[in-house]
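One structure is given here, and the rest of the page talks about it.
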């Protein structure tokens, strides 16, 4: 069986600083990493390949910076990696990313299950997985916290806000997984060394038949600002404090 | 001149070790320190990652990493818990005699055992042979195709948990240093027993015991190098490992420094954070400067070793300076934390207890000064 795992190379938000005055994000000196949920997705694909036989393939699209992610991804167990890259894909929106992923999956050919993280750690739009499934015409199961395969049938547990749902579907299919799917391994030193020797296929959108119009964003970002938690620094004391607090909260429409 | 830039693989290795240190070692450190119980789960995870086998070359199944990277990784683990870092590091230490003097079959035997998941222990010290390692009283007597080992080793890191040992014993006491010889001994050999376990002041997560040899028979093929090579093998081993002890000391410094900075910002007295006082600021500035100086002495010794240049004196300097610095920096950290620094409910006093051993083991800092002065005066 072939399990294709899609991952995103994102900014590590722990390194992002917010200017308190302008709320602008300081993005210089910010390191990148594989989006945390996608690490769980890779682990899921690798474990399935071990259990079911076959291989896990790591797939990512993005700008030239994605080159830095390949050894990291491969040290987590996939047999090889496919990277579709061009500068226009840096920061591309979910529509462009899903189109490119769909073309890459068709290029890879045979597959049984596509695995994505539930959402990326940067924007968490939760769009890429369902869009990709729609483009490929296969079922999508989101919010997956556990799954089993019996032959060509996928049985998935979906963790929803108010309970668990069990669904079944035939392969090929796509799942977007939550961290509950399984803790991502810490790659050991030998796995890291071996990663450098695994094959990587590098493609461009043009090679997959995608013109510049396919990469046009469908959503335009007007601005990107950080949030600053600013306290009002009002201290209420004495007997009337509760009543005064209620008055203030009502005045702000908060109760 | 000193290019220590890490390659992409090396950065990933650091990333893995950081994740292991922060998510696996650190949460277990307090309990292991309090109980003195050996944290097998944490150590096993370190073994799975290959962190007990850092000096083993790729050809023998290891990762074959540079001394500079080894130093960086040791610092990272020690920052989370010097005791657990010592357990993993001592296995590496036990590999050096084999790396230095072993033939192909010996390397295969020893490193296969380690790569299969065993811890190792380096058995040199005896009750009567500490700094004066030439006065080892354990004996190895040739008997046909075997050697028969007798004697008692003390303060052996991993003594009770190792699967294989490198052991120093004399083939002829009348030959003094020239009688000292090195052997590999598997745990299962008849007559090998684990003695008293030390109840230590610091690095309490590590296992330190006596190891007793009573007519322990090993084949002559377990002799490393030739009879009488033992002292040279032991000294070369300690040259290699000294700066790693320095790296552990720097890890302790870094932990103390980061905790002190956080506390200086959080703790308020007289209506302002204590970090607003110049008295605290100057302590922090000195702690950071000393830590950085220790780190670069340690890295430079490792770098010299990687370049194949002489590094024995620099390794001794690195160990001495970093060990003394760890003691100073952790003492200052306890001072900054005040009463909370002295309390076992907070993690600071552990750092001070852990730091003390860095001035003692693998050659006391007094012996290191003898090594340094010896080099200076020989020139």
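Protein chains in written order, with the numbering used here: chain A, 17 to 271; chain B, 9 to 387.
No residue lacks a Cβ here, since even glycine has one placed at the ideal position from N, Cα and C.
At a cut-off of 8 angstroms between beta-carbon atoms, residue 28 (chain B) makes contact with chain A. Selection B:203, B:112 and B:252 evaluated against residue 305 (chain B) yields B:252 as nearest (Cα-Cα). For the 8 angstroms CB-CB criterion, residue 60 (chain A) and residue 124 (chain A) do not form a contact. For the C-beta of residue 58 (chain B), the chain A residues within less than 8 angstroms are, from N- to C-terminus, 204, 205 and 206.
In its chain, beyond the 5 residues on either side, 12, 307, 310, 311 and 314 have a beta carbon closer than 7 angstroms to the beta carbon of residue 76 (chain B). Around the beta carbon of residue 18 (chain A), 16 or more other beta carbons lie within 10 angstroms, which makes this residue buried. Using a Cβ-Cβ cut-off of 9 angstroms, residue 24 (chain B) is close to 91, 202, 203, 204, 205, 207 and 208 of chain A, given in chain order. Counting along the chain, the unbroken alpha helix (DSSP H) around residue 104 (chain B) starts and ends at 90-109.
Listed by position along chain B, the residues whose Cβ is nearer than 8 angstroms to that of residue 88 (chain A) are 20 and 23. In terms of Cα proximity to residue 173 (chain A), the closest of A:179, A:162 and A:167 is A:162. In its chain, beyond the 5 residues on either side, 84, 85 and 88 have a beta carbon closer than 6 angstroms to the beta carbon of residue 29 (chain B). For residue 33 (chain B), there is no enclosing alpha helix (DSSP H), since its DSSP letter is neither H nor E. Within chain A, 87, 208, 209, 211 and 212 have C-beta atoms less than 8 angstroms from the C-beta of residue 17 (chain B), given in sequence order. Residue 88 (chain B) does not reach chain A, its nearest Cβ partner there being about 13 angstroms away, counting only Cβ pairs nearer than 9 angstroms.
Residue contact with chain A for residue 71 (chain B): present (Cβ-Cβ distance below 8 angstroms to some residue of chain A). A Cβ-Cβ separation of about 15 angstroms leaves residue 90 (chain B) out of contact with residue 332 (chain B) under the 8 angstroms criterion. CA-CA distance, residue 278 (chain B) to residue 257 (chain A), rounds to 27 angstroms. Distances from the alpha-carbon of residue 254 (chain B) to those of B:216, B:78 and B:354 put B:78 closest. When C-alpha distances from residue 219 (chain A) are compared across A:188, A:120 and A:229, the shortest belongs to A:120.
In this model, residue 115 (chain A) and residue 21 (chain A) are separated by some 16 angstroms (Cα to Cα). In the three-state scheme derived from DSSP, where H, G and I count as helix and E and B as strand, residue 202 (chain A) is classed as coil. Annotated three-state conformation of residue 71 (chain A) is strand, per DSSP. Residue 75 (chain A) is positioned such that its CB atom lies no closer than 8 angstroms to that of residue 48 (chain A). CA-CA distance, residue 378 (chain B) to residue 240 (chain B), rounds to 17 angstroms. By the C-beta density criterion, residue 60 (chain B) is buried, having at least 16 other C-beta atoms within 10 angstroms. When DSSP states are grouped into helix, strand and coil, residue 45 (chain A) belongs to the coil group.
Rounded to the nearest whole angstrom, the CA to CA distance from residue 341 (chain B) to residue 127 (chain A) is 57 angstroms. Straight-line measurement puts the Cα of residue 168 (chain B) at about 9 angstroms from the Cα of residue 204 (chain B).
For residue 165 (chain B), the beta-bridge partners assigned by DSSP are B:216.
Counting C-beta atoms within 10 angstroms of its own C-beta, residue 323 (chain B) has 16 or more neighbours from the protein chains shown and is therefore classed as buried. For residue 149 (chain A), the uninterrupted alpha helix (DSSP H) run begins and ends at 144-152, by DSSP. In terms of Cβ geometry, residue 366 (chain B) and residue 256 (chain B) form a close pair [threshold 8 angstroms].
The beta carbon of residue 173 (chain B) lies closer than 6 angstroms to those of 129, 131 and 193 in the same chain, with the five residues before and after it left out.
Taking the Cβ atoms as the reference, residue 39 (chain A) lies roughly 37 angstroms from residue 227 (chain A), outside the contact range of under 8 angstroms.
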